[in-house]
Amino acid sequence: MSENPSGPSAPARTAATIDPIALSTFLLTSSATVIIYVGWVYTDSYLELFQLDASAIGYRLDEYALRGLNLFRPEVLPWLVVLPLVVLAAGLRCDVALRRRLLGGAGSGATALGLLLAAVALAGGSVNTILILLLIAGGLPLLVALFRERPLGRVAFIMAAGVAILCLLWSAALFAQLRGAEAARAFAESLPRRTQVSIFAKDQLALNAVGVTRTDLPKGMYRYRYDGLRLLLSRESRHYLVPAMTYEQWRRGLGRVVLLSESESVRIELLPGVRSG
Numbered sequence: 004m005s006e007n008p009s010g011p012s013a014p015a016r017t018a019a020t021i022d023p024i025a026l027s028t029f030l031l032t033s034s035a036t037v038i039i040y041v042g043w044v045y046t047d048s049y050l051e052l053f054q055l056d057a058s059a060i061g062y063r064l065d066e067y068a069l070r071g072l073n074l075f076r077p078e079v080l081p082w083l084v085v086l087p088l089v090v091l092a093a094g095l096r097c098d099v100a101l102r103r104r105l106l107g108g109a110g111s112g113a114t115a116l117g118l119l120l121a122a123v124a125l126a127g128g129s130v131n132t133i134l135i136l137l138l139i140a141g142g143l144p145l146l147v148a149l150f151r152e153r154p155l156g157r158v159a160f161i162m163a164a165g166v167a168i169l170c171l172l173w174s175a176a177l178f179a180q181l182r183g184a185e186a187a188r189a190f191a192e193s194l195p196r197r198t199q200v201s202i203f204a205k206d207q208l209a210l211n212a213v214g215v216t217r218t219d220l221p222k223g224m225y226r227y228r229y230d231g232l233r234l235l236l237s238r239e240s241r242h243y244l245v246p247a248m249t250y251e252q253w254r255r256g257l258g259r260v261v262l263l264s265e266s267e268s269v270r271i272e273l274l275p276g277v278r279s280g
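Per the numbering used here: the sequence shown ends with 280, consecutive numbering throughout.
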């Protein structure tokens with residue numbers, strides 16, 4: 004009875020076809036999750052200066068994703084191109100012994116440098132945490148990958164991959180946090196040039212904020228006009244307004260955010276930031 008020649012090779016072809024699809028699906032899903040997470044961290048860090056929480060604003064997941072994508076600047080692109088090239092170079096079958104020595108040297112060097120910088124940071128030195136995390140995320144898997152053929156080596160490699168993923172997420176969160184804080188500082192320093200808000204109200208409003216002035220209107224439906232606030236953000240019919248204070252005042256907690264919703268008794272006008280009066 005003759006053997007079926009297609010039997011042994013069929014599973015191999017099926018696996019070769021499914022693996023890239025599964026890998027692509029995993030990469031897309033995990034990338035989307037990371038982008039949303041990074042966008043949330045950026046937004047939360049941005050609003051922290053103004054005593055607001057990102058979850059209280061009610062942003063959608065796609066809005067967090069857009070903020071996360073905006074963090075990818077041109078200087079990040081070379082690193083994204085280098086990573087797959089490094090993986091490809093590591094898989095080339097030119098000289099196994101040389102490749103193992105190169106990978107082992109790179110892995111042990113990056114891991115040792117990362118641990119050394121971590122020790123310096125724990126001792127009170129000024130070291131960039133993101134640099135430490137990237138060194139460990141890149142070096143540890145390369146170092147442990149040399150021993151994957153051994154039973155415990157495979158377990159160690161899985162653990163090293165988990166540590167690398169954690170370090171990458173940690174570094175991405177720190178990067179987003181720094182960008183959010185920088186954006187908040189830039190916004191606070193440019194508040195005098197930001198969009199002004201005029202509030203028209205039928206009744207007096209308790210707007211106890213620095214720089215807010217009230218004008219009594221003799222005619223019309225609205226009796227009072229309040230000026231001096233700037234627009235921080237708008238969400239549906241809600242407007243988050245802030246006084247034009249300096250960054251240092253905000254950092255010391257002296258500022259406040261006024262939340263107003265337009266209604267029949269309150270009307271809000273947005274004016275250019277350079278407008279006076």
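Cβ atoms here follow ideal geometry from the backbone N, Cα and C, with glycine treated the same way.
Candidates the options: closest to residue i by CA position
i	options	result
Y227	A186, E239, L210, L235	L210
E265	K205, E251, A126	K205
R188	L52, G71, I39, A148	L52
M224	N131, E267, I133	E267
Y250	L262, Q207, A184, L220	A184
L55	L273, L262, L274	L262
E192	P246, V158, A176	P246
Y229	S237, A122, L274	L274
W253	I60, R104, F190, R153	F190
Contact belief for residue i with residue j at Cβ below 8 Å, rounded distance in angstroms
i	j	result
V200	L244	5 Å
I202	I271	6 Å
L177	I133	5 Å
Residue j beta carbon less than 8 Å from that of residue i
i	j	result
G141	A113	yes
R197	G276	yes
V41	L74	yes
Y45	A179	yes
V260	L235	yes
L106	L155	no
L137	G110	no
L194	R233	yes
G231	T218	no
Through-space distance from residue j to residue i, alpha-carbon basis
i	j	result
Y49	W173	18 Å
G108	G117	14 Å
S58	P23	36 Å
E239	W43	19 Å
D47	R241	18 Å
S33	I139	20 Å
F29	R151	23 Å
I39	N131	24 Å
C170	V147	16 Å
T17	L31	Below a pLDDT of 50, predicted positions are generally treated as unreliable, and T17, at 44, falls in that range; the measurement from the model is reported next regardless. Between T17 and L31, the C-alpha separation is close to 22 Å.
C68	V37	The sequence shown places Ala at residue 68, not Cys. When rounded, the distance between both Cα atoms is 9 Å.
R70	A186	12 Å
G128	A115	17 Å
L119	E66	39 Å
L1	A122	Within the shown structure, residues of the chain are numbered from 4 to 280, placing residue 1 beyond reach of any answer.
A175	L125	21 Å
V166	Q207	58 Å
M248	L220	27 Å
L149	S27	26 Å
I60	A35	21 Å
R153	M162	14 Å
**Q.** Those runs of the beta strand (DSSP E) which lie wholly inside the segment 115 to 185 and span at least 3 residues
**A.** none
Q | 4-residue-minimum alpha helix (DSSP H) runs that sit fully inside the segment 39 to 64, ordered along the chain | A | 57 to 60
Q: Return the chain-ordered ranges of every beta strand (DSSP E) run that is complete within the segment 204 to 279 and spans a minimum of 3 residues.
A: Every unbroken stretch of the beta strand (DSSP E) spanning 3 or more residues and falling wholly within the segment 204 to 279 is given here in chain order: 216 to 219, 227 to 238, 241 to 246, 261 to 264, 269 to 274.
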